[in-house]
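Per the working numbering, residue 30 is the first one in the sequence shown, and the count goes up by one each step. Every residue, glycine too, gets a C-beta built ideally from N, C-alpha and C. See structure below.
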Amino acid sequence: MTAEIMRDHVAKLSVETADQLTTRDIHELCDAAEEAILAGGGFGWLSPPPKSVMEDYWRGVQMIPERHLIIARLDKVIAGSCQIVRPPRNNEAQKFACQLTTFFVAPWARGHGLAQMIVAEAEALAKSQGFAMINLDVRATQDRAIQSFEARGFSKYATNPFYAKVDDDYVPGFYYHKEL
């Protein structure tokens, strides 16, 4: 696109719970996740794994009934995602709460409001599945993710000073919850 067209372009944003992923969707998820990992927001990965590992990961997510994948698109291209994970069936005491995990937005898609849209969709999905609470954890270095969670009303309830290790240094992690 030329600069003039780009200036007048209005981004098309969408968020959905993905029941089925196409091969193209898998490739777009891998590309967006890789870029997020390289930018320091890789939901656990510190460097991108081989493409085949990442493809297997996303295919595997679809096969696990306890996981619900939420994807965000910018101009019809997958740009971010998160997952809602239900607790295992043997954990009856915590069946009221689900976990929000693997949240990211690719660097090229930030600043359009997709993060808020992803979290809002996750909340709506969790509520529709009968959950009363969403729990999540995040590295303290993930400033934009933390801002998104706090803007949506998540409350920080704990800090683990040894949450992750990056380049031989411990990185704190924060724990959040939100009652639905």
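| Check | Outcome |
| --- | --- |
| 8 angstroms contact criterion, which S233 and T131 should meet: CB distance rounded | Nothing can be reported for residue 233, as the shown portion of the chain is limited to 30 through 209. |
| I178: first and last residue of the uninterrupted alpha helix (DSSP H) it sits in | According to the sequence displayed, residue 178 carries Phe and not Ile. Residues D172 to A180. |
| Three-state secondary structure (DSSP) of T51 | coil |
| F183, buried or exposed, once every other Cβ within 10 Å from all chains shown has been counted against 16 | buried |
| Bounding residues of the alpha helix (DSSP H) (the contiguous stretch that carries L165) | Where L165 is concerned, there is no enclosing alpha helix (DSSP H), although the beta strand (DSSP E) it sits in stretches over M162 to R168. |
| Assigned secondary structure, K156 (DSSP; H/G/I helix, E/B strand, else coil) | helix |
| Same chain, Cβ closer than 8 angstroms to I55, five either side skipped, listed in chain order | E84, W87 and R88 |
| Opening and closing residue of the beta strand (DSSP E) in which G142 lies | Looking at the DSSP string, G142 is not in any beta strand (DSSP E), and its letter there is neither H nor E. |
| I66 classed as buried or exposed, judged by whether at least 16 other C-beta atoms fall within 10 angstroms | buried |
| E64 CB to nearest heavy atom of the ligand NAP below 7 angstroms | In the structure shown, the ligand NAP is absent, as is every other ligand, since no ligand is present at all. |
| C-alpha distance - E45 paired with E150, whole-angstrom precision | 7 angstroms |
| Residue environment, Y186, which counts as buried when at least 16 other CB atoms sit within 10 Å | exposed |
| Segment limits, alpha helix (DSSP H) that includes Q91 | K80 to M92 |
| C111 - partner residues in DSSP beta bridges | I99 |
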